[in-house]
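K.L.:
Numbering (the working numbering), first residue to last: 7 to 193. All C-beta atoms, glycine included, are put in the ideal place defined by N, C-alpha and C. Bear in mind that the values here come from a model prediction, so they are computed numbers and not experimental data. What follows is a structure written as structure tokens; I'll ask about it next.
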Amino acid sequence: MMMKTTTTRSTDTGGCHYNGNRYWAGDSFLATDGCNKCYCSAHGGTQCTEMLCHSGTSPLTACHYGAKVYSAGQSFKSTDGCNTCSCATSGQVMCTERACLASCNYGGKVYTTGQTFNSTDGCNTCMCESTGHVSCTEMACMIMCIYHGKMYAAGTHFKADDGCNRCVCTTTGFAACTKMYCNPDHQ
Numbered sequence: 007m008m009m010k011t012t013t014t015r016s017t018d019t020g021g022c023h024y025n026g027n028r029y030w031a032g033d034s035f036l037a038t039d040g041c042n043k044c045y046c047s048a049h050g051g052t053q054c055t056e057m058l059c060h061s062g063t064s065p066l067t068a069c070h071y072g073a074k075v076y077s078a079g080q081s082f083k084s085t086d087g088c089n090t091c092s093c094a095t096s097g098q099v100m101c102t103e104r105a106c107l108a109s110c111n112y113g114g115k116v117y118t119t120g121q122t123f124n125s126t127d128g129c130n131t132c133m134c135e136s137t138g139h140v141s142c143t144e145m146a147c148m149i150m151c152i153y154h155g156k157m158y159a160a161g162t163h164f165k166a167d168d169g170c171n172r173c174v175c176t177t178t179g180f181a182a183c184t185k186m187y188c189n190p191d192h193q
């Protein structure tokens, strides 16, 4: 509850003026809005609560949560994305405390929070975050093919082991070779 000190003071000791009325030190009274309460202090100042009021005469409290303001009784999503919160008339935010089991969709598959898996590029590693987002390492991938014991980089063309067909190392790491008939005299 916030208190506001007004600048109204009485020239007499032990009292204060508020909205044209005189009050004695220690007196409590309704503010001009009809729902907040004021208090006349011993030093002559008036202090009033500053609760949000609706058209009735009872106070309506606001709650602050996640850089937003909610009115009493209003329900909303928690910042974790899976629990529900509500604004109480006391101004407190009350949230459920269920464990959040987020899942991630990546490459046509569903993964659970904390699960690690291979990236679709075949060389990086990814992890399913508690937010439901996927984070992956970003290393440069060097795709290689192994053909008859020799290594070739992706995009490299080379002769097939039969001596007459041609092969290429694909970006998926496989050697793709032509399958033409080879004349035994040209090997």
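G179 and I149: beta carbons closer than 9 angstroms?
P.N.:
Going by C-beta atoms, G179 is nearer than 9 angstroms to I149.
K.L.:
Just to confirm my understanding: we take C129, look at its own chain, exclude 5 residues before and 5 after, and list those with CB closer than 6 angstroms. What are they?
P.N.:
So the qualifying residues of the chain are C147.
K.L.:
Which residues in the same chain as M145 place their Cβ atom closer than 8 angstroms to its Cβ, once the five residues preceding and following it in sequence are excluded?
P.N.:
Only C129 and N130 meet the Cβ criterion.
K.L.:
Does C188 pass the burial test, meaning 16 or more other C-beta atoms within 10 Å, or should it be called exposed?
P.N.:
The residue is exposed, with fewer than 16 neighbouring Cβ atoms inside 10 Å.
K.L.:
In angstroms with no decimal places, state the Cα-to-Cα distance between H163 and D127.
P.N.:
So the two alpha carbons sit approximately 21 angstroms from each other.
K.L.:
Report yes if the CB atom of Y24 is closer than 9 angstroms to the CB atom of C44, and no otherwise.
P.N.:
For Y24 and C44, yes; Cβs fall inside 9 angstroms.
K.L.:
When the Cα atoms are used, what is the spatial distance from T38 to A108?
P.N.:
So the alpha carbons of these two residues sit roughly 50 angstroms apart.
K.L.:
Please list, in chain order, all residues of the same chain as A203 whose beta carbon is under 7 angstroms from its beta carbon, the five residues on each side excluded.
P.N.:
This structure cannot settle anything about residue 203, because the visible part of the chain is limited to 7 through 193.
K.L.:
Going by beta-carbon coordinates alone, are C110 and G87 separated by less than 9 angstroms?
P.N.:
Not in contact: C110 and G87 (Cβ atoms no closer than 9 angstroms).
K.L.:
So is M186 buried or exposed if we call it buried at 16+ other beta carbons inside 10 Å?
P.N.:
It counts as exposed.
K.L.:
Please identify the residue among S77, F82 and T102 whose C-alpha is closest to the C-alpha of S96.
P.N.:
The residue with the shortest Cα to Cα distance from S96 is S77.
K.L.:
Here's a check: name, in chain order, each residue in its chain whose Cβ is nearer than 7 angstroms to the Cβ of T184, leaving out the five neighbours to either side.
P.N.:
Same-chain partners within the cutoff: N171 and R172.
K.L.:
Measure the CB-CB distance between Y71 and C93 and report whether it falls below 9 angstroms.
P.N.:
Yes, Cβ-Cβ distance for Y71 and C93 is below 9 angstroms.
K.L.:
With DSSP as the reference, label S64 as helix, strand or coil.
P.N.:
Residue confidence is low: S64 scores 49 on pLDDT, short of 50, so the model does not pin down where it sits. Its coordinate-derived value is still stated next. Coil, per DSSP.
K.L.:
Can you give the Cα-Cα distance for T176 and G120, rounded to whole angstroms?
P.N.:
Computed Cα separation, rounded: 32 angstroms.
K.L.:
Pick from E56, V116, S81 and M57: whose alpha carbon is nearest that of E135?
P.N.:
Out of E56, V116, S81 and M57, V116 has the C-alpha closest to the C-alpha of E135.
K.L.:
What's the C-alpha gap between C106 and T90?
P.N.:
Rounded to whole angstroms, C106 to T90 spans 11 angstroms at the Cα level.
K.L.:
Buried or exposed for M157, going by 16 or more other Cβ atoms inside 10 Å?
P.N.:
By the 10 Å Cβ count, M157 comes out exposed.
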